[in-house]
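So the structure is just underneath, and the comments pick up after that.
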Amino acid sequence: MSTSHRLRDRLVLALFPALVAYVIVLVGLMWMESRLIYFPAAHHVALPEHYGLKAEELWLRADDGVRLHGWYIRGIGERALVWFHGNAGNVSHRLENAKRLVDWFGLDIVLVDYRGYGRSEGVPSEAGLYADGRAMYQAARDRGFAPERIVLLGRSLGAAVALEVALDHACAGVVLETPFLSVPALARVHYPIVPTFLVRTQFDSGRKIARLRVPKLIVQAERDEIVPIAHSERLFDLAPEPKRFYVLPGATHNAIYDMSDPGYVAAWRSFLASLPGAAPHDGLVAR
1054 MSTSHRLRDR LVLALFPALV AYVIVLVGLM WMESRLIYFP AAHHVALPEH YGLKAEELWL
1114 RADDGVRLHG WYIRGIGERA LVWFHGNAGN VSHRLENAKR LVDWFGLDIV LVDYRGYGRS
1174 EGVPSEAGLY ADGRAMYQAA RDRGFAPERI VLLGRSLGAA VALEVALDHA CAGVVLETPF
1234 LSVPALARVH YPIVPTFLVR TQFDSGRKIA RLRVPKLIVQ AERDEIVPIA HSERLFDLAP
1294 EPKRFYVLPG ATHNAIYDMS DPGYVAAWRS FLASLPGAAP HDGLVAR
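Quick note on my numbering: the sequence shown kicks off at 1054 and runs consecutively.
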């Protein structure tokens, strides 16, 4: 055997354990994919009345039969906000933020947990969350809100759900806060060793947003440590008019809940007032 062949064989033997370890890691990450995307909490940390909100309990049924739980929070009854939350916690963690949106803008809010979150049945999945989103939208319609009086809010993972719903259901506009291009694109940031073709879950907002013709407001946290600002900037570039973009100064991914930045409030207020069919008081502080 030649010297070159012996060196090659030694190199293969040396690299083989590392290759096996890499494959094991990939298989483990694929097996745990859902656990790396969805972080549901079952226990409610608060109720609407703890924040002085007027609310009624909602039990919805998605089109595949899964029962969903949440609340219908009353504002001034002029416009409904259908809220698609992020990938962690449950609706009770959004109540403080909901209180602010009611106080700032008088919005009625449909705030319902995805399957597997809070008191909702089932196990989360991409197709399942889309079905849940359709049920949440229908809850607003069932309470008498015409499409032109419905705004969809999607935050983080929920932005992908909001986009999916908006493409098939008429609405006045869509607010996307800290959105990402897709799960594979985000995986390249946080798990660069994983080939993106192995990622089964997509939530591909980058592919969908060009088809969304309704008014859009994209909000990004300036210091987002989970979703790079380049994702929201790219989504904004891909989105057709009408569209608006606002960067929340100094905010991290989850700090939007804690921010009362005047520019953030003004961006929402201006967006609501710009929507077709807006009433003179749309976007004004309700209380």
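Just so you know, even glycine gets a beta-carbon here, dropped at the ideal spot from N, CA and C. Note that the structure is predicted; figures quoted are calculated from it, not measured.
Cα-Cα separation, residue i to residue j
i	j	result
ALA1099	ASN1143	10 Å
ILE1309	GLU1109	26 Å
GLY1123	ALA1133	15 Å
LYS1269	TYR1299	11 Å
TYR1244	LEU1089	11 Å
ALA1339	GLY1316	Caution is warranted here: a pLDDT of 41 is assigned to ALA1339, below 50, making its placement in the model unreliable, and no coordinate value can be reported.
ILE1203	GLU1131	9 Å
SER1285	ARG1187	24 Å
GLY1207	THR1231	9 Å
ALA1199	ASP1116	21 Å
ASP1257	ARG1196	30 Å
HIS1146	PHE1250	34 Å
Reduced DSSP secondary structure (H/G/I, E/B, other) of residue i
i	result
LYS1107	coil
VAL1144	helix
ARG1120	strand
GLU1294	coil
TYR1167	coil
LYS1262	Correcting the residue type first, residue 1262 is Ile in the shown sequence and not Lys. Looking at ILE1262 - three-state DSSP - the assignment turns out to be helix.
TYR1299	strand
ASP1382	What is shown of the chain runs 1054 to 1340, which leaves residue 1382 out entirely.
PRO1101	helix
GLY1226	strand
ARG1253	coil
TYR1125	strand
GLY1197	coil
ARG1132	coil
ALA1339	Note that ALA1339 scores 41 on pLDDT, short of 50, meaning its location in the model is unreliable; the coordinates nonetheless yield the value given after this. Coil at ALA1339, not helix or strand.
PHE1233	coil
VAL1280	coil
GLY1186	helix
ALA1274	strand
ARG1172	coil
LEU1160	coil
LEU1325	helix
ILE1246	coil
PRO1315	helix
Residue closest to residue i, alpha-carbon to alpha-carbon, out of the options
i	options	result
GLY1259	PHE1137, PRO1237, VAL1247 and LEU1134	PRO1237
GLU1217	ALA1263, ALA1283 and ARG1114	ALA1263
TYR1091	ALA1326, ILE1162, THR1254 and VAL1300	THR1254
PRO1295	VAL1267, ALA1223 and GLU1275	VAL1267
ASP1221	LYS1261, VAL1247, GLY1159 and ASP1195	LYS1261
TRP1001	SER1087, ALA1192 and GLY1181	Outside the displayed range of the chain (1054 to 1340) lies residue 1001, so it cannot be described from this structure.
ALA1180	PRO1281, SER1087 and TRP1321	SER1087
SER1323	VAL1214, SER1173, GLY1226 and VAL1119	GLY1226
PHE1289	PRO1302, ALA1304, ALA1212 and ASP1314	ALA1212
SER1209	TRP1321, HIS1096, ALA1283 and HIS1138	HIS1138
ARG1168	ALA1184, LEU1106, GLY1159 and VAL1272	ALA1184
ARG1194	VAL1242, THR1305, ILE1162 and LEU1234	ILE1162
VAL1280	SER1145, ILE1246, PHE1250 and ASN1140	ASN1140
LEU1106	HIS1097, ALA1095 and GLY1159	GLY1159
VAL1176	LEU1229, GLY1118 and GLY1197	GLY1118
TRP1112	LEU1229, ASP1166, HIS1096 and ALA1095	ASP1166
ARG1172	HIS1096, HIS1146 and CYS1224	HIS1096
ILE1271	LEU1291, THR1249 and ARG1297	ARG1297
Same chain, Cβ closer than 6 Å to residue i, neighbours up to 5 away in sequence not counted
i	result
VAL1155	GLY1128
ARG1114	ARG1120
TYR1190	VAL1135, VAL1218 and HIS1222
TYR1170	PRO1093 and ASN1143
ILE1282	GLN1273
VAL1215	This sequence places Ala at residue 1215; Val is not what is there. So the list reads PHE1137, LEU1205, GLY1207 and VAL1227, once near-sequence residues are dropped.
Proximal residues to residue i (C-beta, below 7 Å), its chain only, five neighbours per side dropped
i	result
TYR1104	LEU1148, GLU1149 and LYS1152
ALA1101	According to the sequence as given, residue 1101 is Pro; it is not Ala. Taken in chain order, the residues that qualify are ALA1108, TRP1124, ILE1126 and LEU1148.
CYS1224	PRO1200, ILE1203, VAL1204, LEU1205 and VAL1267
Nearest-angstrom Cβ-Cβ length linking residue i and residue j, presumed shorter than 8 Å
i	j	result
ILE1126	LEU1164	6 Å
GLU1174	PRO1329	No, GLU1174 and PRO1329 are not in contact; Cβ-Cβ is about 37 Å, not under 8 Å.
ARG1287	LEU1234	6 Å
Own chain partners of residue i with C-beta closer than 8 Å, once the 5 adjacent residues on each side are dropped
i	result
PRO1293	ALA1263, LEU1265 and ARG1266
VAL1252	GLU1086, VAL1236, PRO1237 and ALA1240
PRO1302	GLU1275, ASP1314 and GLY1316
ALA1304	ALA1274, GLU1275, ARG1276, ASP1277, MET1312 and ASP1314
VAL1242	PRO1281
HIS1306	SER1209, THR1231, ALA1274, ASP1277, GLU1278, ILE1279 and VAL1280
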